[in-house]
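Enquirer:
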Amino acid sequence: MNERIKRLRDESFNAKPSFSAERAALTTEFYMEWQGRVSTPVLRAMNFRNLCEKKAIYIGEGELIVGERGPRPKAVSTYPELTCHSEEDLRVLDTRPMASYSVAEADADAYRELVIPYWRGRSMRDRAFAEIPEDWKALYEAGLFTEFMEQRAPGHTALDDSIYRKGMNARRAEIAAARALLDWGADPEALAKDEELKAMGIACEGAISFARRHAEAAEAMASAEEDPARAGELRRIAEVCRRVPAEEPRDFWEAVQTYWFVHLGTITELNGWDAMSPGHLDQHLAPFYERDLAAGLLDREGAKEILSCFWIKVNNTPAPPKVGVTAAESGTYNDFTNINLGGLRSDGSDATSEVSFLALEVLDELQLLQPQANVQLSARSPERLLKAAALVARRGSGYPSLFNADEVVMAQVGMGKTLEDARGGGTSGCIETGCFGKEAYLLHGYLNSPKLLELALNDGVDPSTGKAIGLRTGKPELFDGFEALYAAYERQLAYVVDVKVRVSNYLDRMYAQYAPAPFLSAVVADCVSKGRDYYDGGARYNTDYIQCCGLGTTTDSLSAIKTHVYERRDLAWRDLLDALASDWKGREDLRLLVSNKTPRFGNDDDAADAIAKRVVGSWYAAIDGRRSPRGGTYHIDLLSTTCHVYFGLKTGATPDGRHARLPESDGASPAQGADRRGPTAVAKSLAKIDIARTGGSLLNQRFLPKALEGEGGLRALCSLVRAYFGMGGHHIQFNVVDTATLREAQRKPEDYRGLLVRVAGYSDYFVDLDGNHQEEIISRTAQEGF
Amino acid sequence: MTSGLVFDVRRFSLHDGPGIRTAVFLKGCPLRCLWCHNPEGLSPEPELLNRRERCVACGRCAAACPLGLDPRAEAGSPSCAACPDFGACAEACPAEALQLVGRRMTVEQVMAELRADYPFYEESGGGATFSGGEPLAQPEFLLELLRACRAEGIDTALDTSGWGERALVLEAGGLADLVLFDLKLADDARHEAATGVPSGPILGNLAALVAAGANVALRLPLVPGVNDALGDLEEAARFAASLSLGMKVHILPYHDSARGKYALRGRGYPMGAPAQASPEGMAAATREAARVFEKAGLAARIGG
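Protein chains in written order, with this note's numbering: chain A, 1 to 786; chain B, 787 to 1090.
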């Protein structure tokens, strides 16, 4: 990396996230003046345009790609119309040890005097919680599930290549044409569509204004600049910002800046969960790269520099500050921008290009929290791509993760997408499958499967509180066999999912009605032609995911009961239930019996794997195919992100030998320490599950660095991935770090500030994790090569 | 069906032949190498390990013992050896304090384990490795396994000391896709002192195997004070080069990670504490050994 990039990188790395009231104050003032005078979509669009016209413009020294969401790098905007932080929240954010945001006095004042008085009782969160029924609250507080939309807008949006082909002015023309075509004579929704389309047009104007203001600022800076080289760069920045995103980009630099302006637009508008991803960035940029290189406008290093500048920009935008359960389930600055590399073109050919390798180099050199990158590996992808990815992954940061592109396509086709659209899709957020630029796939929160089993073992009572929150499914001692127990688990599952989905649908409608996203809608396929908002079924495809957690813990617990209570009969129900109630106190022998003498998931043992398959089948049956009010369909994901730690805190001892309050198994991985037959056995176990029926799975594998040393180690890693994907595996990611290093980092965090480790569907700095997460990562089985 | 005594099956084995392999460790070895890192593979009988620190005193082992002994105290004793259900106590032990080392497995049972990772062998050019102990010490079992693998298209490596009947060595070496043949020390008497058997028959077997066209790679465990003298290395290199120029030689630097295994058996570590075994010293000695073999016209590399 050159001097410029090194400096910008270090500035970004060292900048402390801070809380910015800029957006909140502008939005509040705007709402005070305008609410009630125009329709909701138009109000939202005008607010967006107002932000674009008024927010502070930042162009940093040496930057080539410009634009910040807040007034400066890592100054994080807030969204009081969704969640209005209280004064207490601000105090907590400022002082909490993990994922803190420094709050300046002026920002706290703005909140106290302007923002809080207006939004208290008006924010989406306040309104929703006033309406949400008690049964939901009881399950939510007990830790049966979380709800993404309780304080952030729905997200998981990745774009296709349309923004590089069509500028904002062309979109405005299309929007105008769609308005002209409205059938006021017969269409009862004509008014709603007209307002929505009008809003999209206003939002496009906002994005153009935002860019123009950067052009003006750059020109002013250029005239005052003494260094002629920098003055030239600033004039070039101005030229780029005059062009895009109003018109389509003509070269690599303009293309990257186009994406960044659109990204900033969407995260200024609402910053839905998992912000925003460029999708197949290498595919989108490759034509510009090749053209510029051929024309002599750019060389490889120049392209890498621009790409690095973009990378740093993404790192400058931490996630908006979360509070409450949502902060507990996902306490990270990472906002999950996930760049897809490799994969397939829409005609099915391999899409790997030189830009794929450039991006891997940038990822490797910068070692930043964001953006993350993944490699979409198809059977058609060249070995060179896998090897390059494995080389970066082996260095230990956990980046990039690897996905089976063919399986990602198959899963989408199975959910009803066309083959071409499915190939244009990929992975966003952590591991979530979606069709880029054409789909609204909303995540509704995590489901705590081990806790469902706990309810089934306690006749619907939560043993942590003594409250009867589930169904009365009977006392285990009276079950006439394993099937009766399993039926009780399934009944708790169906009940909890019913309660959850009703509220998810309610929130879904709340966003459609009160927080539409006209700018996002303008850049996602079919919203314009349908005249509907992204949050209201406007996208071509609409999907709702519930992320099911604790597959390993649930499987092993069921397997332990089946094996010991019913088959070997060496464990009586009463003894097991008493041991669970006392967290195995005085019954270490029973705890060891169930943990060591039970077929467990992750060992290629059919007895355990059949249970895992059955559990996933039950989740699928309870969730898949439910209709959502946007016209979408619910599906399952096998993903826990970091929620398995939060869920673990809410769940007592489990029959697999896990102690109360310890983390549950993560993603679709085996329980920590349960997999004892090496990574191939883990892969085999996972591959028995029909992942193509889900929206994705997450498999963490931790290796000792020594295991993967040398050319042989690298080849083994590549072969492991290829073979796993050949069996239908969907995703795999690696931590290559030994326990001694992690312990040393705990002792001397200041020496290990840059140690990136794979946490969930993303990496995080190890020293930025709280103690529970650190221990969870250390407790993962470390695979050796023998 | 033929069966044999196996003390471990390890999947994702990366250092005993090419690619991703499953290593099957056959129990029993006629050699007694001072540096042996698999002492649990020496005896041709099943054994019980007793990791007392893990015991939670639940009494399940005593309840399971057909002889009515208390295995916590008597596991591994002579009376225990006559047990009609040897290992029942370990099976019952929830804490894995008592562990059975050595399980009788049929060829089919081993093949089922090997088949499980077939996709990984195929992708990586890997396969099965038969190691030990000394696999040649269970000849019928070994030959049947090699034949079964051949029939199913599973690549095989035979990891051997080379100590065995000439005919057996040739037959097994002919069935295996690769023979990882230990070359420890050419000198007959000193070989016997360090391993318990003379080197003559081993070197003869090696020569015969190479002459028969088997695919042989030599493995030289570089052990301080035993075979790391320049003269010894040169002699071994000369011998290897006389058989086949360009033959692969893997130099395996000595490590004492097996020390704990000896302690667990209540035995002293036969190597004691070799003077030159510092990591830097070992790395330098290993590079030097590799140079000696390279100079003699062999393809030396460090590690498995």
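Yeah, the Cβ is synthetic: ideal placement off N, Cα and C, and Gly gets one too. Values in this document were obtained by computation on a predicted structure and should not be read as measured data.
Could one say the Cβ of T680/A lies closer than 7 Å to chain B's Cβ atoms, at least one of them?
Expert: Within the first sequence, residue 680/A is the residue found at index 680, counting from 1. Taking Cβ atoms only, chain B reaches closer than 7 Å to T680/A, which makes this a yes.
Enquirer: Give me the chain B residues within the contact set of E588/A, using Cβ-Cβ distance strictly less than 7 Å, ordered along the chain.
Expert: The residue labelled residue 588/A in the question sits at position 588 within the first sequence. Here the neighbours are V842.
Enquirer: Run through the stretch 821 to 860 of chain B for me and flag every whole beta strand (DSSP E) of 3 or more residues, listed as ranges in chain order.
Expert: DSSP runs (the beta strand (DSSP E)) wholly in the stretch 821 to 860 of chain B: 833 to 836.
Enquirer: Got a sec: is the Cβ-Cβ distance from D604/A to anything in chain B below 7 Å?
Expert: To locate residue 604/A, count along the first sequence from 1; it is residue 604. Taking Cβ atoms only, chain B reaches closer than 7 Å to D604/A, which makes this a yes.
Enquirer: For W260/A, count the other beta carbons within 10 Å of its own beta carbon; 16 or more makes it buried, fewer makes it exposed. Which is it?
Expert: Position 260 of the first sequence holds residue 260/A. The residue is buried, with at least 16 neighbouring Cβ atoms inside 10 Å.
Enquirer: Contact check, K650/A vs A138/A under 8 Å by CB: the rounded distance?
Expert: Your numbering for residue 650/A matches position 650 in the first sequence. Your numbering for residue 138/A matches position 138 in the first sequence. Going by Cβ atoms, the distance from K650/A to A138/A rounds to 13 Å, so no, they are not a contact pair.
Enquirer: I'd like to know whether the C-beta atoms of S628/A and D544/A end up nearer to each other than 7 Å.
Expert: In the first sequence, counting from the first residue as 1, residue 628/A sits at position 628. In the first sequence, counting from the first residue as 1, residue 544/A sits at position 544. A contact, by the Cβ cut-off of 7 Å.
Enquirer: With a threshold of 16 other CB atoms inside 10 Å of the CB of T465/A, please say whether the residue is buried or exposed.
Expert: Taking the first residue of the first sequence as position 1, residue 465/A is located at position 465. Per the 10 Å Cβ criterion, exposed.
Enquirer: Would you mind listing the alpha helix (DSSP H) stretches within the stretch 530 to 587 of chain A that are 4+ residues and don't spill past its ends, in chain order?
Expert: Entirely contained in the stretch 530 to 587 of chain A, the alpha helix (DSSP H) runs reaching 4 residues are, in chain order, 551 to 560, 573 to 581.
Enquirer: Determine, using beta carbons only, whether D666/A and F601/A come nearer to each other than 7 Å.
Expert: As a working mapping, residue 666/A is identified with position 666 in the first sequence. As a working mapping, residue 601/A is identified with position 601 in the first sequence. No, Cβ-Cβ distance for D666/A and F601/A is not below 7 Å.
Enquirer: Beta-carbon of D941/B versus every beta-carbon of chain A: anything under 7 Å?
Expert: Residue numbering aside, residue 941/B sits at position 155 when the second sequence is read from its first letter. No, no contact with chain A.
Enquirer: Could you name the residues of the stretch 596 to 626 of chain A whose beta carbon sits closer than 7 Å to any beta carbon of chain B, in the order they occur along the chain?
Expert: Per Cβ criterion, the list reads N596, K597, D604.
Enquirer: Give the straight-line distance between the Cα atoms of K688/A and A612/A, rounded to the nearest whole angstrom.
Expert: Within the first sequence, residue 688/A is the residue found at index 688, counting from 1. Within the first sequence, residue 612/A is the residue found at index 612, counting from 1. Those two C-alpha atoms are separated by around 9 Å.
Enquirer: Mind the definition here: the stretch 668 to 684 of chain A touches the stretch 525 to 532 of chain A only if three or more C-beta pairs lie below 8 Å; say whether that holds.
Expert: The stretch 668 to 684 of chain A is not in contact with the stretch 525 to 532 of chain A.
Enquirer: Out of curiosity, what's the CA-to-CA distance linking G460/A and S640/A?
Expert: Reading the first sequence from its first residue, position 460 is the one you call residue 460/A. Reading the first sequence from its first residue, position 640 is the one you call residue 640/A. In a straight line, the C-alpha of G460/A is about 24 Å away from that of S640/A.
Enquirer: Shorter than 7 Å from the beta carbon of S910/B to some beta carbon of chain A?
Expert: For this step, residue 910/B is matched to residue 124 along the second sequence. S910/B counts as touching chain A.
Enquirer: Runs of 4 residues minimum, wholly inside the stretch 949 to 988 of chain B: which ones carry the alpha helix (DSSP H) assignment?
Expert: Listed in chain order, they are 952 to 961, 974 to 981.
Enquirer: Which value, in whole angstroms, describes the spacing of the CA atoms of S277/A and L307/A?
Expert: As a position in the first sequence, residue 277/A is number 277, starting the count at 1. As a position in the first sequence, residue 307/A is number 307, starting the count at 1. Straight-line Cα distance between these residues: approximately 15 Å.
Enquirer: Among V497/A, L377/A, T326/A, whose alpha-carbon lies nearest the alpha-carbon of D350/A?
Expert: Mapped onto the first sequence, residue 350/A falls at position 350. Of the candidates V497/A, L377/A, T326/A, the one whose C-alpha sits nearest the C-alpha of D350/A is L377/A.
Enquirer: Near D570/A, what residues of its chain come up, given a Cβ to Cβ distance below 8 Å and the 5 sequence neighbours on each side ignored?
Expert: For the purposes of this step, residue 570/A is identified with residue 570 of the first sequence, where counting begins at 1. Same-chain partners within the cutoff: H564, L593.
Enquirer: Could you tell me how far apart the beta carbons of R1005/B and L969/B are, in whole angstroms, since I believe they sit closer than 8 Å?
Expert: Position 219 of the second sequence, counting from 1, holds the residue named residue 1005/B. Position 183 of the second sequence, counting from 1, holds the residue named residue 969/B. Yes, they are in contact, since the Cβ atoms of R1005/B and L969/B sit about 7 Å apart, within 8 Å.
Enquirer: Starting from the beta carbon of A246/A, find every residue of chain B whose beta carbon is closer than 7 Å, and list them in chain order.
Expert: Position 246 of the first sequence holds residue 246/A. Simply none; closest approach about 50 Å.
Enquirer: Which residue's Cα is closest to the Cα of L485/A: V615/A, A211/A, E709/A, D526/A?
Expert: Here residue 485/A refers to the residue found at position 485 of the first sequence. Checking every option, the nearest Cα to that of L485/A belongs to V615/A.
Enquirer: Mind listing which residues of the stretch 1020 to 1045 of chain B have their C-beta closer than 9 Å to chain A's C-betas, in chain order?
Expert: Hits within the stretch: zero.
Enquirer: Based on the DSSP secondary-structure assignment, which residues constitute the bridge partners of L377/A?
Expert: Here residue 377/A is taken as the residue at index 377 of the first sequence, counted from 1. DSSP lists N404/A as partners of L377/A.
Enquirer: Residues in the same chain with beta-carbon distance under 6 Å from D945/B, minus the five sequence neighbours each way, listed in chain order, please.
Expert: What you label residue 945/B is simply residue 159 of the second sequence in a count that begins at 1. The residues are D802, T915, S917, L966.
Enquirer: Using the rule of at least 16 other Cβ atoms within 10 Å of the residue's Cβ for burial, across every protein chain shown, is S831/B buried or exposed?
Expert: The residue labelled residue 831/B in the question sits at position 45 within the second sequence. Strictly speaking, residue 831/B in this sequence is Glu, with Ser absent from that position. By the 10 Å Cβ count, E831/B comes out exposed.
Enquirer: Between D659/A and R858/B, what straight-line distance do the alpha-carbon atoms span, to the nearest angstrom?
Expert: Translated into positions along the first sequence, residue 659/A becomes position 659. Translated into positions along the second sequence, residue 858/B becomes position 72. Per the sequence presented here, residue 659/A reads as His, with Asp not at that position. Approximately 27 Å between the Cα atoms of the pair.
Enquirer: Note down the Cα distance separating C241/A from I312/A, rounded to an integer number of angstroms.
Expert: If you number the first sequence from 1, residue 241/A lands on position 241. If you number the first sequence from 1, residue 312/A lands on position 312. Rounded to whole angstroms, C241/A to I312/A spans 19 Å at the Cα level.
Enquirer: Does the beta-carbon of R715/A have 16 or more other beta-carbons within 10 angstroms, so that it is buried, or is it exposed?
Expert: In the first sequence, residue 715/A corresponds to position 715, counting from 1. R715/A should be labelled buried.
Enquirer: Which stretch, first to last residue, makes up the alpha helix (DSSP H) that contains R384/A?
Expert: Here residue 384/A refers to the residue found at position 384 when the first sequence is read from its first residue. R384/A -> alpha helix (DSSP H) spans 383 to 392.
Enquirer: Taking the C-alpha atoms as reference points, what is the distance between I473/A and D656/A?
Expert: Within the first sequence, the letter at position 473 stands for residue 473/A. Within the first sequence, the letter at position 656 stands for residue 656/A. The residue asked about is misnamed: residue 473/A is Thr in this sequence, not Ile. So the two alpha carbons sit approximately 21 Å from each other.
Enquirer: Please tell me whether F967/B has its Cβ less than 7 Å away from any Cβ of chain A.
Expert: In the second sequence, counting from the first residue as 1, residue 967/B sits at position 181. For F967/B, the answer is no, since every Cβ of chain A falls outside 7 Å of its Cβ.
Enquirer: Should S381/A be flagged as near chain B, meaning a C-beta pair shorter than 7 Å?
Expert: Numbered from its first residue, the first sequence carries residue 381/A at position 381. Chain B, which has no Cβ nearer than 7 Å to the Cβ of S381/A, makes this no.
Enquirer: With distances taken between CB atoms, is the gap from N542/A to R630/A smaller than 7 Å?
Expert: As a first step, residue 542/A is located in the first sequence; it is residue number 542 there, counting from the start. As a first step, residue 630/A is located in the first sequence; it is residue number 630 there, counting from the start. Cβ atoms of N542/A and R630/A: closer than 7 Å.
Enquirer: I need the DSSP call for S102/A, collapsed to helix, strand or coil.
Expert: The sequence position of residue 102/A within the first sequence is 102, counting from 1. Reduced to three states, the DSSP call for S102/A is strand.
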